[in-house]
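Engineer:
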Amino acid sequence: MKYIASVSFGKDSLCMLLLLIERGEPIDEVVFYDTGMEFEAIYKIRDRVREELEEKGIKYTELKPEYPFEYTMFEREVKKRDGSKGKGYSWCGGRCRWGTSEKKRIIRKYIKERYGEEYREYVGIAYDEPKRIREDEKKIYPLYEWKMRERDCLEYCYKKGYKWEEDGVELYEILDRVSCWCCCNKNLKELRNYWKYLPRYWEELKRLQSKTERPFRNNKERIEELEERFKKEDKKH
Ligand code: SF4
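Residues in the sequence shown are numbered consecutively from 2, following the working numbering.
#1: If you compare alpha carbons, which of K207, K104, T73 and E226 is closest to S180?
#2: Within this structure, are the beta carbons of E53 and I22 separated by less than 9 Å?
#3: What's the call for L206, buried or exposed, on a 16-neighbour Cβ count within 10 Å?
#4: Measure the alpha-carbon distance for D233 versus E167 and round it to whole angstroms.
#5: Taking V50 as part of the alpha helix (DSSP H), name the residues at either end of that continuous run.
#6: Can you say whether I112 is buried or exposed, counting buried as having 16 or more other CB atoms within 10 angstroms of its CB?
#7: When you measure from the CB of K110 to every non-hydrogen atom of ligand 1, does any distance come out below 8 Å?
#8: May I ask which residues mark the beginning and end of the alpha helix (DSSP H) holding F33?
#9: Starting from R121, trace the beta strand (DSSP E) in both directions and tell me its first and last residue.
#10: Would S14 be called buried (16 or more neighbouring beta carbons within 10 Å of its own) or exposed?
#11: Could you tell me the boundaries of the alpha helix (DSSP H) in which L189 lies?
#12: Just list the beta strand (DSSP E) runs in the segment 106-170, keeping only unbroken ones of 3 residues or longer that don't cross its boundaries, in chain order.
#13: If you count every other CB in all the chains shown that lies within 10 Å of the CB of S102, and 16 or more means buried, which is it?
#14: Give the range of the alpha helix (DSSP H) segment to which Y173 is assigned.
#15: With burial defined as no fewer than 16 other Cβ atoms inside 10 Å of the residue's Cβ, what is the status of L192: buried or exposed?
#16: Tell me whether S180 sits in a helix, a strand or coil according to DSSP, three-state version.
Here it is, written out as structure tokens:
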């Protein structure tokens with residue numbers, strides 16, 4: 002039996018990986034799926050962990066989407082939900098999480114091709130997210146078994162010296178999740194913080210918005226409109 006850890010280098014999967022190593026649990030391979038739209042902080046953590054894995058002789062594999070994320074977003078010929086064909090799926094998130102579907106498909110394909118049925122996959126879902134747990138004999142949820150809640154995971158990573166810093170800002174202080182920076186699942190509070198503390202990424206969101214008709218937030222508000230809203234709110238305070 003082979004044991005594979007799927008990690009995104011966010012707080013939960015990183016904590017899971019660090020604890021698996023610390024507790025001497027079997028790990029044959031660590032797999033990271035790089036959407037190409039990760040925060041720089043994620044890539045920095047990846048580089049640090051990769052070195053540690055190398056020292057320990059644990060195989061590390063990086064997987065990528067079939068086509069660059071932005072190409073699938075705006076240019077690739079795709080079949081829409083209504084059956085029509087069009088250019089790109091536009092924003093990823095909400096009910097149209099095409100990036101997540103592709104990520105799952107590519108990871109599953111890779112593991113199956115390499116290990117057939119002889120594997121177990123560690124998945125970093127925290128104890129306080131039981132709804133995300135799926136009955137699947139191939140998957141193991143160590144954080145759930147260890148009763149590690151999201152905030153325990155973050156504390157553990159901090160204790161081990163990992164931080165998700167961008168331009169002097171700790172991402173977990175301003176965002177609920179550190180996933181793709183262009184994810185349209187971001188809530189209003191997170192978006193306000195993007196605008197305020199992460200201007201580089203905000204400009205990138207504006208650039209992407211200029212390429213698609215579909216408004217970023219709930220299919221209703223475009224990035225420019227959000228910017229106007231935040232500016233007005235800021236003036237009031
Ligand atoms: S984090 Fe958001 S943008 Fe990235 S793949 Fe998942 S749903 Fe899509």
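Ideal Cβ positions, reconstructed from N, Cα and C, are used throughout, including at glycine.
Structural biologist: Put simply:
#1: In the sequence shown, residue 180 corresponds to position 179, counting from 1. Of the residues K207, K104, T73 and E226, the one whose Cα lies closest to the Cα of S180 is K104.
#2: Locating residue 53 in the sequence shown gives position 52, where the first residue counts as 1. Locating residue 22 in the sequence shown gives position 21, where the first residue counts as 1. I22 is positioned such that its CB atom lies closer than 9 Å to that of E53.
#3: In the sequence shown, residue 206 corresponds to position 205, counting from 1. Under this definition L206 is a buried residue.
#4: Stepping through the sequence shown from its first residue, residue 233 is reached at position 232. Stepping through the sequence shown from its first residue, residue 167 is reached at position 166. The displayed chain sequence assigns Lys, not Asp, to residue 233. Roughly 26 Å separates the two Cα atoms.
#5: By one-based count along the sequence shown, residue 50 stands at place 49. V50 -> alpha helix (DSSP H) spans E41 to K57.
#6: On the sequence shown, residue 112 is found 111 positions in, with the first residue counted as 1. Buried, because 16 or more other Cβ atoms sit within 10 Å of the Cβ of I112.
#7: In the sequence shown, the residue the question calls residue 110 occupies position 109. Not so, every heavy atom of ligand 1 lies at least 8 Å from the Cβ.
#8: Here residue 33 refers to the residue found at position 32 when the sequence shown is read from its first residue. Note, F33: premise wrong, no alpha helix (DSSP H); beta strand (DSSP E) at E30 to Y34.
#9: Residue 121 sits at position 120 when you count from the first residue of the sequence shown. Boundaries of the beta strand (DSSP E) around R121: Y120 to V124.
#10: Your numbering for residue 14 matches position 13 in the sequence shown. By the neighbour-count rule (16 or more Cβ atoms within 10 Å), S14 is buried.
#11: Here residue 189 corresponds to residue number 188 of the sequence shown, with the count starting at 1. Element bounds for L189: L189 to Y198.
#12: 120-124
#13: The sequence position of residue 102 within the sequence shown is 101, counting from 1. Exposed, by the Cβ-count rule.
#14: Your numbering for residue 173 matches position 172 in the sequence shown. Per DSSP, Y173 belongs to the alpha helix (DSSP H) from L172 to I175.
#15: By one-based count along the sequence shown, residue 192 stands at place 191. By the 10 Å Cβ count, L192 comes out buried.
#16: Residue 180 sits at position 179 when you count from the first residue of the sequence shown. In the structure shown, S180 sits in coil (DSSP, three-state: anything other than H, G, I, E or B).
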